[in-house]
Each structure stands twice: as structure tokens, then as C-alpha cells.
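Asker: In numbering that gives the first Met the number 0, the protein residues as written are 0 to 260.
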Amino acid sequence: MSDFLRIERDGAVVIATMNRPETRNALSDDDVAGAFVGFCEDVNADLSVRAVILTGAGPAFSSGGNLKTLRDTVGSGLGEPVKSRHAYRDGIQRIPLALYNLEVPTIAAVNGPAHGAGNDLACMCDIRIAGERAVFAESFVKLGLTAGDGGAWLLPRAVGMSRACEMSFTGEPIDARQALAWGLVSKIAKDDELMPAALDLARRIAVNSGPALRMTKRLLREGQHTRLDTLLELSAAFQALSHHTTEHETALGNALQRLTR
């Protein structure tokens, strides 16, 4: 079993910490994709989980790819382009698919530099909070590369096409304040207050109905690419399911009691 992710529990909140500070939590080691896939499967199967926080151990959130590993396991060291293609599909590309299909809300607590695939990893989360020393860079062009992990799909959805193009074409970093101004993050916290801020937000999410949270996230996902009439059909189906949950009955009863006081 991989030790890349350190898992902790706070009530209905799960905290996943990338725990390879010696590599600045690089994502290109062989076991990393499997660690994310297994973690997401475990969370989806545990209906008591209502929110996830993802952060990094040490001074970095994630440096993206380990340069030597990139060369030897997915790059020119493999000798044939077709092998590189399969290495990406069987490796790092499993991470965005796993996080996209993670059913509960996710918060990236970006505690330091998030470069390349590390920046895209933050974009794979639903909400991003930055510490003051956080730095974001879509830095692939600086290495003569493109984003092989879905960054061209993820980043425009976070900051809009024009700013995604600027980040992708220059490869230059932006600091936490610029990330806030561009909408890449929703909040900046002092470095020593980052995890308390992320936990506070996660707990505010987790007090709500688990089924409603999972279905709401699915609707938001589907709303990014489907037609309105199709989304309305799915919304009606999910709302019908919601009406018959214990959580709805309890919340409705409490609301009606407050009205009669």
C-alpha cells in the first residue's frame, strides 16, 4: 500500500495530506496515481464522509512532476512515443478522473508552491484556499511540454480562458493575491491559519445532508457540459430522491417547528 497520502478524520471530514516533502510532493512516482484512485474509491464507498481536504506536507503543495521520473518513466527515456502515451494514461491521468468522480466536496488547502501538475491538482478540487506563501504556475512550457494531466480542461474552468491562456503560454507563476483576484482561489489565509480555515469551511459543508451534498456536486459537474433541459431532468430526479431521505425529513421538520414558534 502506498504511503503517499496520509489520511486523518475529523468527524465527517477527511483530510488527505500528500506526504512526500522530500520530493515536494511530486505526482509522478509510480504509486501516486494508485494512491489517489484508492482514496477516492474509499471515500465514495463511505457515506459518512461529507467533505475532503487535500493539502501537502512540508513547504510545498506539489511540485508536479519529478523531473528524473518524468524522463525515465513517461518521457524520452522510454524510447517510443506510444509507450509514453500509455504511461500517461495508466499513470497521472488516473488522478483527474478519480477526483472528478469523487462524490463529496473537495477543498485544496494550498500551503505552498503548486507548479505544473501541482497547479492542475489544485484545480481538480472544487474549492481552493491559499496560504500566503502559495504560488501557482502552469509551468509546462518552461520544460518544453504541454499539460498531460488535463490542465487545458481544468484551468479555464477555474480562471476563464484568457487568464488560463496567459498562465499556460508564459508558464510564469502567480502569487496568492493574484490567484485570489483571478478567482483561482476563493480565500487567502495566513500560513499558520490555513488548515484551521480549511477545516472551518469543511465543517460548514459537512453539517449538511450527505445525500444532498453528493447529488448537488453531481449536478454542478453535469451543468458544466450538458444542455439545460437535460440538467433539469436530472435535477428533478435528484430532487425526488432528496424528498425521501431522512436528512430532508429532519431538516423540514426542524424548519416547520421554527416557523410555528
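From the three backbone atoms N, C-alpha and C, an ideal C-beta is built for every residue, glycine too.
For G57, name the three-state secondary structure that DSSP assigns.
Answerer: What you label residue 57 is simply residue 58 of the sequence shown in a count that begins at 1. It is coil, neither helix nor strand.
Asker: Whole angstroms are fine: how far does the CA of E171 sit from the CA of G159?
Answerer: What you label residue 159 is simply residue 160 of the sequence shown in a count that begins at 1. What you label residue 171 is simply residue 172 of the sequence shown in a count that begins at 1. Between G159 and E171, the C-alpha separation is close to 17 Å.
Asker: Please list, in chain order, all residues of the same chain as P155 whose beta carbon is under 6 Å from its beta carbon, the five residues on each side excluded.
Answerer: Reading the sequence shown from its first residue, position 156 is the one you call residue 155. If we look at P155 and ignore the five residues flanking it on each side, its Cβ neighbours are A163.
Asker: Rounded to a whole number of angstroms, what is the C-alpha to C-alpha distance between D148 and C122?
Answerer: Locating residue 148 in the sequence shown gives position 149, counting from the first residue. Locating residue 122 in the sequence shown gives position 123, counting from the first residue. For D148 and C122, the distance between alpha carbons rounds to 11 Å.
Asker: Could you give the distance in angstroms between the alpha-carbon of T262 and the alpha-carbon of R132?
Answerer: Residue 262 lies beyond the stretch modelled for the chain, which goes from 0 to 260, so this question has no answer here.
Asker: On the three-pair Cβ rule with 8 Å, is the region 112 to 128 touching the region 51 to 66?
Answerer: yes
Asker: Using a 10 Å radius around the Cβ and a threshold of 16 neighbouring Cβ atoms, would you call F3 buried or exposed?
Answerer: Translated into the one-based positions of the sequence shown, residue 3 becomes position 4. The residue in question, F3, is buried, as its Cβ has 16 or more Cβ neighbours within 10 Å.
Asker: Relative to the C-alpha of F168, which residue among E192, K186, Q177 and F139 is closest?
Answerer: To locate residue 168, count along the sequence shown from 1; it is residue 169. Considering only alpha carbons, the answer is F139.
Asker: Which residues mark the beginning and the end of the beta strand (DSSP E) in which I94 is found?
Answerer: If you number the sequence shown from 1, residue 94 lands on position 95. Looking at the DSSP string, I94 is not in any beta strand (DSSP E); the run it does join, the alpha helix (DSSP H), is R93 to Y99.
Asker: For the pair the region 225 to 243 and the region 20 to 37, tell me if three or more CB-CB distances fall below 8 Å.
Answerer: No: the two stretches stay apart, fewer than three of their Cβ pairs being nearer than 8 Å.
Asker: Report yes if the CB atom of I204 is closer than 8 Å to the CB atom of L212, and no otherwise.
Answerer: Along the sequence shown, read from residue 1 onward, the residue named residue 204 stands at position 205. Along the sequence shown, read from residue 1 onward, the residue named residue 212 stands at position 213. Contact flag set, yes.
Asker: Starting from the Cα of Q92, find the closest Cα among S27, L101 and V42 and give me that residue.
Answerer: Stepping through the sequence shown from its first residue, residue 92 is reached at position 93. Among S27, L101 and V42, the Cα nearest to that of Q92 is on S27.
Asker: Please classify P267 as buried or exposed, where buried requires at least 16 neighbouring CB atoms within 10 angstroms.
Answerer: One cannot answer for residue 267 here, as it falls past the ends of the chain, which runs 0 to 260.
Asker: I'd like to check one pair, A50 with A11: are the Cβ atoms closer than 8 Å?
Answerer: Numbered from its first residue, the sequence shown carries residue 11 at position 12. Numbered from its first residue, the sequence shown carries residue 50 at position 51. In contact: A11 and A50 (Cβ atoms closer than 8 Å).
Asker: With H, G and I counted as helix, E and B as strand and the rest as coil, what does DSSP make of K189?
Answerer: The residue given as residue 189 occupies position 190 in the sequence shown. Here K189 sits in coil by DSSP.
Asker: Here's the rule I'm using: 16 or more other beta-carbon atoms within 10 Å means buried, otherwise exposed. How should R127 be labelled?
Answerer: Locating residue 127 in the sequence shown gives position 128, counting from the first residue. Burial call: buried.
Asker: L200 to I52, Cα distance in whole Å?
Answerer: Stepping through the sequence shown from its first residue, residue 200 is reached at position 201. Stepping through the sequence shown from its first residue, residue 52 is reached at position 53. Their backbone Cα atoms lie some 10 Å apart in a straight line.
Asker: What does DSSP give as the partner residue(s) for G130 in the beta ladder?
Answerer: Along the sequence shown, one-based indexing puts residue 130 at 131. Its beta-bridge partners are A188.
Asker: Can you give the Cα-Cα distance for G130 and P210, rounded to whole angstroms?
Answerer: Here residue 130 is taken as the residue at index 131 of the sequence shown, counted from 1. Here residue 210 is taken as the residue at index 211 of the sequence shown, counted from 1. G130 and P210: Cα-Cα distance of roughly 31 Å.
Asker: Which residue's Cα is closest to the Cα of A235: V103, L218 and E248?
Answerer: Residue 235 sits at position 236 when you count from the first residue of the sequence shown. A235 has its Cα closest to that of L218, out of V103, L218 and E248.
Asker: Specify the secondary structure class of H224 as computed by DSSP and reduced to three states.
Answerer: The count along the sequence shown starts at 1 and reaches residue 224 at position 225. Secondary structure at H224: coil, using DSSP grouped into helix, strand and coil.
Asker: Cα separation between E7 and T16?
Answerer: By one-based count along the sequence shown, residue 7 stands at place 8. By one-based count along the sequence shown, residue 16 stands at place 17. Each residue's alpha carbon lies about 8 Å from the other.
Asker: With D9 and L258 assumed to form a contact (beta carbons below 8 Å), what rounded beta-carbon distance in angstroms separates them?
Answerer: Counted from its first residue, the sequence shown places residue 9 at position 10. Counted from its first residue, the sequence shown places residue 258 at position 259. About 33 Å; that fails the 8 Å criterion.
Asker: Would you say P267 and D125 are within 8 Å of each other, going by their C-beta atoms?
Answerer: Because the chain here runs from 0 to 260, residue 267 falls outside it and cannot be looked at.
Asker: Give me the Cα-Cα distance between M166 and S47, rounded to the nearest whole angstrom.
Answerer: For this step, residue 166 is matched to residue 167 along the sequence shown. For this step, residue 47 is matched to residue 48 along the sequence shown. If I take the Cα positions, the gap works out to 38 Å.
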